[in-house]
Every structure is written in C-alpha cells, then in structure tokens.
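Asks:
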Amino acid sequence: MDFSTDESEDIPMSMGGDFYALSDEQLQNMLDGTLDYVEFLYDEIEDKPRECYADGEHVWLELTRLLDEEDACGVEHTDAIPEASGYAFSDDVASIAQNLAMLDEDELKSRYDDADMDAPFDEMLGIVKGLVAFYERAASNGDAVLFRVT
Numbered sequence: 000m001d002f003s004t005d006e007s008e009d010i011p012m013s014m015g016g017d018f019y020a021l022s023d024e025q026l027q028n029m030l031d032g033t034l035d036y037v038e039f040l041y042d043e044i045e046d047k048p049r050e051c052y053a054d055g056e057h058v059w060l061e062l063t064r065l066l067d068e069e070d071a072c073g074v075e076h077t078d079a080i081p082e083a084s085g086y087a088f089s090d091d092v093a094s095i096a097q098n099l100a101m102l103d104e105d106e107l108k109s110r111y112d113d114a115d116m117d118a119p120f121d122e123m124l125g126i127v128k129g130l131v132a133f134y135e136r137a138a139s140n141g142d143a144v145l146f147r148v149t
C-alpha cells in the first residue's frame with residue numbers, strides 16, 4: 000500500500016502508526032516470514048527492535064502526507080507485516096535522515112497548510128522533530144526503519 004495515495008483512505012482511522020529501528024537482517028527476516036513480527040515487535044522474544052518511536056502514533060496518516068517526499072514512512076511498502084507497513088533498509092535510512100534534517104519549519108508549514116490537517120501545526124512540528132531525531136539515531140546506528148500501521 001502506498002500511504003501517499005488515496006488507498007490510505009481504505010485503512011480505518013482508529014489505527015495508529017509506529018516507527019521501529021532494527022537491523023537489516025531483522026527486517027529481512029520479518030519480510031520473508033522467518034521472524035514472527037508479533038513476537039518481535041511486542042517484545043515477546045529476546046530479539047527486539049533497537050527503538051520504537053510512537054509519539055506520532057495518532058497522526059500517522061498526517062505524517063505520511065507531510066513527509067512523503069522524504070520517504071519517512073518507507074521507501075517500499077508491504078502487507079507481509081500487517082496491517083500495512085513501509086520500510087527502508089539501512090542504505091536508505093541515512094539519506095532519509097539527512098533529507099528530514101534539511102526540512103525547515105516554513106516548508107513543513109506550507110505542506111501542512113496544503114494538506115488541510117486536523118492536528119494543530121505545533122503538535123505536528125514537535126512530532127516531526129522527534130521523528131527526525133529518531134531517524135538520525137537509526138542512521139548513526141546503521142539501522143533499517145520499519146513504519147507499521149496497526
């Protein structure tokens with residue numbers, strides 16, 4: 000599913016979206032089914048993501064619209080990790096982090112105004128800043144990133 004298209008309107012709005020920093024191997028294993036995503040993402044096994052960023056869980060759709068150009072919600076999309084997921088392997092995470100860090104408040108405000116969002120701009124700005132810091136940490140650790148809508 001491409002979160003930037005009208006297809007995202009088919010996903011019930013009661014859902015949330017979280018970002019996970021994990022290794023390329025962990026991501027690949029979830030995609031091919033050799034690592035159970037439920038056990039992994041919900042800390043039911045020893046192997047777990049390095050970090051979860053959930054501050055924007057309630058505005059996941061708004062984030063997909065604000066940060067589509069930067070691929071913040073995934074370079075690729077899959078339904079192998081339900082309900083819907085976007086992901087980027089570590090090779091892409093560094094460039095996504097760099098692109099996110101270059102966004103300024105004026106550009107975000109312009110995108111926000113064009114998207115006609117319900118969440119207040121100041122709230123979205125704070126969430127985006129948190130997501131930028133999350134991506135910078137993931138990039139510095141050589142991690143992949145998974146964005147999962149639940």
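Residue numbers for the sequence shown, in numbering that gives the first Met the number 0: 0 to 149. Even for Gly, the Cβ is constructed at its ideal location relative to N, Cα and C.
Quick check: the Cα distance between Glu24 and Asp113, rounded to an integer number of angstroms?
Replies: 38 Å
Asks: When we look at the beta-carbon of Phe146 and count the other beta-carbons within 10 Å, is it buried (16 or more) or exposed?
Replies: Buried.
Asks: Would you report the Cα separation of Gly141 and Asp46, rounded to the nearest angstrom?
Replies: In this structure, the alpha-carbon of Gly141 lies about 17 Å from that of Asp46.
Asks: For Ser139, is the classification buried or exposed, using 16 other Cβ atoms within 10 angstroms of its Cβ as the cut-off for buried?
Replies: exposed
Asks: Relative to the C-alpha of Arg64, which residue among Ala118, Phe133, Tyr134 and Val144 is closest?
Replies: Ala118
Asks: Taking only the alpha-carbon atoms, compute the straight-line gap between Gly73 and Gly85 and give it to the nearest angstrom.
Replies: 4 Å
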